[in-house]
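Working notes, beginning with the structure itself.
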Amino acid sequence: MHPARAWRGRSQRYRLEGELCEGCGARLFPPRDICPECQRPARTPYPLSGRGEVYSYTVVYEPPAGYEEQAPYIVALIKLEEGPLISAMLTDVGPEEVYIGMPVEMVTRVLHRQGEHGVIAYGYKFRPVLRRAVTIPSQPASVTA
Amino acid sequence: MQENGHMLLKPARPVGIVGYGAYVPRYRLPGIEISRLWTGGVEPPPVREKAVPGPDEDVVTMSIEAARNALARAGIAPNRLRAVWVGSESHPYAVKPSSTIVAEAIGATPYVQAGDWEFACKAGTEAMQAAIGLVGSKMADYAMAIGMDTAQGRPGDALEYTAGAGGAAFIIGPAEESLAIFEGSLSYVTDTPDFWRRAHARYPEHGGRFTGEPAYFHHIVEAARRLMEALGTRPEDYTYAVFHQPNVKFPQKVARMLGFRPEQIQAGLLVDEIGNTYAGSCLIGLTAILDEARPGDRILAVSFGSGAGSDAFSLVVTEAILERRDRAPRTRDYIARRVVIDYATYARYRGKIVLDTEA
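Each protein sequence line maps, in turn, to chains A and B. Using this note's numbering, the first residue of the first sequence is number 1, and each one after it goes up by one. Using this note's numbering, the first residue of the second sequence is number 146, and each one after it goes up by one.
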């Protein structure tokens with residue numbers, strides 16, 4: 001990826017920043033400046049929560065150049081809490097663990113590295129929601145967030 | 146010799162920790178797996194296991210997650226940060242700041258200072274000292290200091306057992322908004338070449354036993370003793386203490402030398418479970434302490450960085466901890482998320498297998 005291309009998409013790729021349609025209230029991702037629902041301009045930046053669930057997925061065993069070190073990996077369609085359906089890589093989960101409907105959350109990870117010398121492309125991926133049920137030894141009650 | 150008051154670092158305006166966040170990747174390499182490969186299982190490992198980053202993780206991605214956790218606890222808008230500083234010895238670029246990527250990803254750009262800090266394992270606390278100064282001088286209301294590493298260990302070297310991955314992010318802000326207030330801090334630095342990595346070298350070198358007495362123990366003991374003298378505190382005044390953790394023995398021994406009991410260092414001693422997280426080591430220990438501390442508890446945190454130096458901090462926990470700590474995952478949530486890997490997977494994830502796929 002040319003550095004200019006990575007740079008143009010940094011807000012959407014690093015932090016899942018979409019757009020809000022002031023006309024009909026639709027939340028858009030990726031940002032496209034025109035609302036596909038009502039065809040009116042939609043240019044208000046809108047940070048998406050990053051929460052959603054796996055709508056469908058496939059496992060990639062034959063990766064394109066730049067992705068070899070991560071294969072096999074999962075590419076999924078994620079149904080976001082706010083509505084949009086987006087495609088993204090899954091991380092911190094194996095093909096044997098993933099399932100349709102799995103609750104996931106957005107994390108920013110390395111998408112690919114251009115060899116030893118090129119730019120490192122960072123962007124959103126999704127992982128299973130981090131389990132929050134740790135009992136702190138010095139406190140008697142189990143703490144669940 | 147100077148008076149104690151001159152050595153103590155204390156800002157004009159009282160400051161503290163407004164938010165904190167940790168990160169540990171999910172993979173673990175057991176020490177016995179390293180021992181099996183290189184010594185036929187003869188050598189007893191210095192730690193049970195160490196955390197290993199996944200193939201799509203580095204200091205930038207790990208810092209972003211810790212920073213998001215710190216922001217969630219602080220409850221402030223990211224554009225109110227005036228500094229995002231990342232201390233590490235494994236920045237993914239030699240030239241190009243990690244901190245600008247982190248600042249952009251958390252939404253702190255563009256009206257913000259950003260910079261990468263380097264001082265071996267105390268790069269993170271060095272950034273914390275600077276953040277205390279920035280906020281304490283009223284130049285800024287909020288500054289973020291991160292200590293994070295994906296430490297490098299030469300295959301077969303003693304350090305391979307412990308070179309782990311993880312760290313923590315802290316938002317420094319005004320004392321009245323803080324979950325823990327800095328009573329004072331102190332830095333102690335000399336030119337001591339106990340551990341180093343030359344430019345372009347893949348793995349670090351170290352001075353073997355020389356890393357102990359004149360390096361780790363001397364600097365931590367001096368920094369901690371002088372800070373306590375200056376503040377008029379004693380070990381028994383502290384509920385918790387955390388020291389840099391290159392292995393299990395060193396922090397246990399330095400705690401004894403300073404007069405701390407084992408139970409005072411228990412909560413922050415994570416090295417047996419995640420390895421030495423270098424610039425993140427003392428700081429992630431501090432997050433585990435904050436995860437369970439009560440208002441009024443006093444904490445001593447002392448880092449050590451080879452080269453060499455220590456930063457010592459004395460903190461008092463406030464009521465705000467109770468309401469803020471569960472706004473983000475606790476450090477033990479990350480430690481409990483654990484997938485054991487073998488040496489082959491480790492070698493692949495850490496780029497020790499040459500793929501030669503240069504496009």
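We put the beta carbon where it would ideally sit given N, CA and C, even for glycine. Source: prediction; values computed, not measured.
Report the three-state DSSP secondary structure of residue i (helix, strand or coil).
i	result
B/T356	helix
A/K125	strand
B/D456	strand
B/Y348	coil
B/K267	coil
B/S323	coil
A/L77	strand
A/H117	coil
B/F108	Here chain B comprises residues numbered 146 to 504, so residue 108 of chain B is not present and cannot be evaluated.
B/D294	strand
A/E105	strand
B/A222	coil
B/A504	Below a pLDDT of 50, predicted positions are generally treated as unreliable, and B/A504, at 48, falls in that range; no measurement from the model is reported.
B/I317	strand
B/T254	coil
B/I486	coil
A/S56	strand
B/T184	helix
How long is the line joining the alpha carbons of residue i and residue j, rounded to whole angstroms?
i	j	result
A/A121	A/H112	5 Å
B/V160	A/E105	33 Å
A/V129	B/G377	46 Å
B/R213	B/G166	7 Å
B/T337	B/A453	5 Å
B/Q297	B/G441	38 Å
B/P396	A/R8	47 Å
B/V231	B/V366	26 Å
B/F238	B/A446	The sequence given here has Tyr at residue 238 of chain B, not Phe. If you take the alpha carbons of B/Y238 and B/A446, they lie about 29 Å apart.
A/T144	B/P319	Bear in mind that a pLDDT of 39 at A/T144, under 50, signals an unreliable position, so the number given afterwards is only what the model happens to contain. Each residue's alpha carbon lies about 29 Å from the other.
B/N392	B/P191	6 Å
A/G25	A/V107	25 Å
A/R51	A/F126	9 Å
B/A211	B/A313	6 Å
B/S332	B/S455	6 Å
B/P175	A/R43	50 Å
A/L146	B/A222	The question about residue 146 of chain A has no answer here: the residues shown for chain A are numbered 1 through 145.
B/A438	A/D92	30 Å
B/I209	B/S243	10 Å
A/C35	A/Q12	17 Å
B/R342	B/Y348	7 Å
B/A217	B/I317	14 Å
B/A344	B/S451	16 Å
B/A433	A/C21	42 Å
For residue i, which option in the options has the closest C-alpha, if you only look at C-alpha atoms?
i	options	result
B/D487	B/Y172, B/T432, B/L153	B/Y172
A/Y57	A/G23, A/P30, A/I74	A/I74
B/V461	B/G329, B/A275, B/T295	B/G329
A/V54	A/E97, A/G115, A/R131	A/E97
B/D294	B/S459, B/A446, B/K155, B/Y168	B/Y168
A/E81	A/A4, A/Y99, A/P47, A/E68	A/P47
B/Y383	B/A412, B/V393, B/Y361	B/A412
A/P84	A/E17, A/S11, A/P63	A/E17
B/L182	B/A492, B/N392, B/V499	B/A492
B/E418	B/V499, B/R482, B/E271, B/I277	B/R482
B/G269	B/S426, B/A438, B/S459	B/S426
B/E234	B/A424, B/E271, B/M402	B/A424
B/T206	B/I251, B/K497, B/S459, B/E178	B/I251
B/P170	B/P349, B/R401, B/K497, B/V485	B/V485
A/P95	A/V60, A/P31, A/D33	A/V60
A/R15	A/L77, A/P45, A/A65, A/P3	A/P45
A/L77	A/Y124, A/A4, A/G118	A/Y124
A/A88	A/E19, A/R109, A/D33	A/R109
B/K155	B/L431, B/T335, B/V197, B/Q274	B/Q274
Taking any Cβ of chain A, which residues in the region 196 to 207 of chain B have a Cβ under 8 Å from it, in chain order? G199, P200, D201, E202, D203, V205, T206
Inter-stretch contact at 8 Å, needing at least 3 Cβ pairs: the region 458 to 469 of chain B / the region 403 to 414 of chain B: No: the two stretches stay apart, fewer than three of their Cβ pairs being nearer than 8 Å.
Which residues, taken in chain order from the region 469 to 488 of chain B, show a beta carbon closer than 7 Å to some beta carbon of chain A? The residues in question are D471, P474, R475, R477, D478, A481, R482.
Residues of the region 220 to 253 of chain B with Cβ closer than 8 Å to any Cβ of chain A, in chain order: P237, Y238, I246, E249, A250, I251, G252
Decide yes or no for the touch test of the region 353 to 360 of chain B against the region 471 to 487 of chain B: beta carbon pairs closer than 8 Å, at least 3 of them. At 8 Å Cβ cutoff, the stretches do not touch.
Within 8 Å, do at least three Cβ pairs link the region 381 to 388 of chain B to the region 215 to 233 of chain B? no
What residues from the region 90 to 110 of chain A come within 9 Å of chain B, judged by C-beta to C-beta, listed N to C? T91, D92, G94, V107, T108, R109, V110
Validate contact between the region 239 to 257 of chain B and the region 303 to 311 of chain B using beta carbons, cut 8 Å, 3 pairs: no
Pair every Cβ in the region 202 to 210 of chain B with every Cβ in the region 316 to 326 of chain B, then say whether three or more of these pairs are closer than 8 Å. no
If the cut-off is 8 Å on Cβ atoms, which residues from the region 64 to 79 of chain A count as contacting chain B, listed in chain order? Listed by position, the residues of the region 64 to 79 of chain A near chain B (Cβ gap below 8 Å) are A65, G66, E68, E69, Q70.
Using a Cβ cut-off of 8 Å, which residues of the region 122 to 134 of chain A contact any Cβ in chain B, in chain order? Residues of the region 122 to 134 of chain A with a C-beta atom less than 8 Å from some C-beta of chain B are Y122, K125, L130, R131, R132, A133, V134, listed in chain order.
Output, in sequence order along the chain, the residues in the region 10 to 23 of chain A whose CB is closer than 7 Å to any CB in chain B. R10, Y14, R15
If contact means a Cβ-Cβ distance below 7 Å, which residues of the region 33 to 55 of chain A contact chain B? Correct list: empty, as no residue qualifies.
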